[in-house]
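Read the structure below first, then the notes.
This is the structure:
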């Protein structure tokens, strides 16, 4: 058995990253989560650095989505901590914050792109309102400005601006996903969690979306945790890759390194399973 | 008082329970207090919440006025007024100034309220956030966290669709800078009357089992955008009965040729002006 390659992580790193430009944005240690008796995450350690795209790969049921839920605080893990570096250089544990504080942080610093855009959008209200809502939640109360922002972001995600008043229910799947991305990025977050952003889209639409994501991530200097079962997506977008199996991280490393020279048996299986056209 | 009924219909324990809810509602302005709403001898949606609140606060010396869309003489108003005259034996009036308790469906009288008066509103849907979020659990969390940005989405959509904030009744307000509150389906014309009113405002939702309140002199702000401020509807016509140009007017169609005229929605206000010699518009 090849030992897990894991990033070194100082579990007691609380509050001592202040002023250090080289501190990880997200430092996860010892994360455990179980649905009843079924273990979904077992002792997961993870770091995400500012401006870095980290892909989490693995087959269905390996705990990828549960991991995202635990990172954003939607799911409360049974053990472990999720240390997030706030804008003022403090490290806070997402799960020990009060609900109000956690919500505020999620609104200002986090974006969460759901696999199914219908889960992350309000389908009944216009696209402009969907993009403007996070800003209204933050307290912006100028209609003209909100609308200008929404138009600007629709343009950036390549949605024709004359669709600004149409409800997303009338959009195609790819447009809905791009709209969801705009809605998440409009607040200028520092970290974005994406759960299979290209799932359910056909390949040409996937390619455009990936191009778009790559550009936005580079432009905005975003940290991204990208959950995907598609290794090609990971190869295209991610700087580093984490491979999960049965709730454990079995291998981590630079994306190219892991994909070209997989060490763990499961990773080798995963890489060799990809169909070559 | 008719024998066979407790004073004001409800039994004393029920009235106590409702009073406790009212006290809590007054202590936390705008907060929806759950209460064990009772079956009343009229269907839900006809004012069961208001009638329970009125029954709980009614005393022998009170003078009750009941209005329905501003009018004292419509079925709902007449029935509820007669109900309390029968089961509580209290004096009733149609004059706003003479009343101590005014139960209302969807209007606030034009005559300014004074200290000591109590308004009781009948509320169909107490939750202002339900329009966007049907989950009650989520809405309670939003209230707890004062997380009300989503409410502006509704106003934003209004401007997108109609070029202005088209919500004209049940216009959402922020009470005492804290709780978002549905003022019941009163026209937004009446919203300014809620702000720092010397009277106590009580809201009862019977089907939804919620009571909330605005204590006297509490600031109540209608939501708006900086570049689309809250504004009141205005009429170019005057009341055809009393000639008033400042009150809330109802439009009455007269025939198939599109002839119409406007009358005050508040019948007591209109009658008082006519008695004082005001003439109608031609």
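Chains as they are written, first to last, in the numbering used here: chain A, 1 to 277; chain B, 1001 to 1282. Note that beta-carbon positions come from the ideal geometry of N, C-alpha and C, so glycine has one too.
*Could you please give the first and the last residue of the uninterrupted alpha helix (DSSP H) stretch that includes residue 1083 of chain B?*
That run of the alpha helix (DSSP H) goes 1075-1087.
*Going along the chain, which residues of its own chain have a beta-carbon closer than 6 Å to the beta-carbon of residue 222 of chain A, five neighbours each way excluded?*
Answer for residue 222 of chain A: 192, listed in chain order.
*Within the stretch 1033-1075 of chain B, ranges of the alpha helix (DSSP H) (whole runs, at least 4 residues)*: Counting only runs of 4 or more, we get 1048-1057.
*Are the CB atoms of residue 80 of chain A and residue 30 of chain A nearer to each other than 8 Å?*
It is a contact, given that the beta carbons lie within the stated cut-off.
*Classification of residue 242 of chain A by the beta-carbon crowding that lies within 10 angstroms, buried from 16 upward*: When all chains shown are included, residue 242 of chain A counts as buried.
_Just list the residues that DSSP pairs residue 1264 of chain B with in beta bridges._
In DSSP, residue 1264 of chain B forms a bridge with B:1249.
_At the level of alpha carbons, what is the spacing between residue 1241 of chain B and residue 1277 of chain B?_
Between the C-alpha atoms of residue 1241 of chain B and residue 1277 of chain B there is a straight-line separation of about 11 Å.
*Within the 8 Å Cβ cut-off, does residue 138 of chain A reach chain B?*
For residue 138 of chain A, the answer is yes, since a Cβ of chain B falls inside 8 Å of its Cβ.
*At which residues does the beta strand (DSSP E) containing residue 38 of chain A begin and terminate?*
For residue 38 of chain A, the enclosing beta strand (DSSP E) covers residues 38-48.
*Hey, is the stretch 1144-1155 of chain B in contact with the stretch 1220-1233 of chain B, meaning 3+ C-beta pairs nearer than 8 Å?*
Contact between the stretch 1144-1155 of chain B and the stretch 1220-1233 of chain B is established, with three or more Cβ pairs separated by less than 8 Å.
*Given 8 Å as the limit, is there contact between the stretch 37-45 of chain A and the stretch 208-224 of chain A, that is, 3 or more CB pairs closer than that?*
Contact check between the stretch 37-45 of chain A and the stretch 208-224 of chain A: fewer than three CB pairs, one atom from each, fall below 8 Å, which does not count as touching.
_Rounded to the nearest angstrom, what separates residue 1188 of chain B and residue 1169 of chain B at their Cα positions?_
Using only the alpha carbons, I get a separation of about 5 Å.
*Is the stretch 98-109 of chain A touching the stretch 186-202 of chain A in the sense that three or more CB pairs, one from each, lie closer than 8 Å?*
Here the stretch 186-202 of chain A makes contact with the stretch 98-109 of chain A; the two share three or more CB pairs at distances below 8 Å.
*With a threshold of 16 other CB atoms inside 10 Å of the CB of residue 1162 of chain B, please say whether the residue is buried or exposed.*
Exposed, by the Cβ-count rule.
_As assigned by DSSP and simplified to three states, the class of residue 1103 of chain B_ = The three-state secondary structure of residue 1103 of chain B, taken from DSSP, is strand.
*Closest Cα partner of residue 158 of chain A within the set A:129, A:210, A:246, A:258*: Residue A:210 is the option with its Cα nearest to residue 158 of chain A.
*Alpha-carbon spacing of residue 1139 of chain B relative to residue 1173 of chain B, whole angstroms*: Rounded to the nearest angstrom, the two C-alpha atoms are 16 Å apart.
*With 8 Å set as the bound, which would you pick, yes or no: does the beta-carbon of residue 101 of chain A sit closer than that to a beta-carbon of chain B?*
Answer no: the Cβ-Cβ gap between residue 101 of chain A and chain B never drops below 8 Å.
_Host alpha helix (DSSP H) of residue 1015 of chain B (start-end)_ = From DSSP, the alpha helix (DSSP H) with residue 1015 of chain B extends over 1012-1027.
_Where residue 258 of chain A sits in the DSSP three-state scheme_ = Correct three-state label for residue 258 of chain A: helix.
_Among the candidates B:1054, B:1184, B:1275, whose CA atom is the shortest distance from the CA of residue 1088 of chain B?_
Closest by alpha carbon: B:1054.
*How long is the line joining the alpha carbons of residue 1261 of chain B and residue 1192 of chain B, rounded to whole angstroms?*
Rounded to the nearest whole angstrom, the CA to CA distance from residue 1261 of chain B to residue 1192 of chain B is 26 Å.
*Going by alpha carbons, who is nearest to residue 1284 of chain B out of B:1093, B:1185, B:1200, B:1179?*
Nothing in the structure corresponds to residue 1284 of chain B, since chain B is present only between 1001 and 1282.
*asked:* Quick check on DSSP: helix, strand or coil for residue 1270 of chain B?
replied: Residue 1270 of chain B: helix per DSSP, three-state reduction.
*Using a Cβ-Cβ cut-off of less than 7 Å, give me the residues of the stretch 1037-1070 of chain B that come near chain A, in sequence order.*
Within the stretch 1037-1070 of chain B, no residue places its CB atom closer than 7 Å to a CB of chain A.
_Looking at the secondary structure, which residues open and close the alpha helix (DSSP H) in which residue 1154 of chain B lies?_
Residues 1149-1162.
*Using a Cβ cut-off of 8 Å (strictly closer), state whether residue 72 of chain A contacts chain B.*
Residue-level contact check: residue 72 of chain A does not touch chain B, since none of the beta carbons of chain B fall below 8 Å from its beta carbon.
*asked:* Going by C-alpha to C-alpha distance, which of A:254, A:24, A:75, A:186 sits closest to residue 238 of chain A?
replied: Selection A:254, A:24, A:75, A:186 evaluated against residue 238 of chain A yields A:254 as nearest (Cα-Cα).
_For residue 205 of chain A: DSSP bridge partner residues_ = DSSP output for residue 205 of chain A lists no bridge partner at all.
*asked:* Considering just the uninterrupted stretch of the beta strand (DSSP E) at residue 55 of chain A, what are its terminal residues?
replied: Taken as a continuous stretch (DSSP letters only), the beta strand (DSSP E) holding residue 55 of chain A covers 53-57.
_8 Å Cβ cutoff, residue 1169 of chain B in contact with chain A_ = Closer than 8 Å: no.
*Cutoff 8 Å: residue 111 of chain A Cβ touching any chain B Cβ*: With 8 Å as the cut-off, residue 111 of chain A does not count as an interface residue toward chain B.
_Within 10 Å of its beta-carbon, does residue 1259 of chain B have 16 or more other beta-carbons around it, so buried, or fewer, so exposed?_
Answer is exposed; the Cβ neighbour count stays below 16.
*Taking 8 Å as the CB-CB cut-off, is residue 14 of chain A touching chain B?*
Confidence is the limiting factor: at residue 14 of chain A the pLDDT is only 46, short of 50, which leaves the residue's position unreliable and the question unanswerable from this model.
*Quick one: what's got a C-beta closer than 6 Å to residue 180 of chain A's C-beta in the same chain, skipping five residues either side?*
Within the same chain, and ignoring the five residues on either side of residue 180 of chain A in sequence, the residues whose Cβ sits closer than 6 Å to its Cβ are 113, 117, 120, 121.
*Within 8 Å (strictly less), CB to CB, does residue 279 of chain A reach chain B?*
What is shown of chain A runs 1 to 277, which leaves residue 279 of chain A out entirely.
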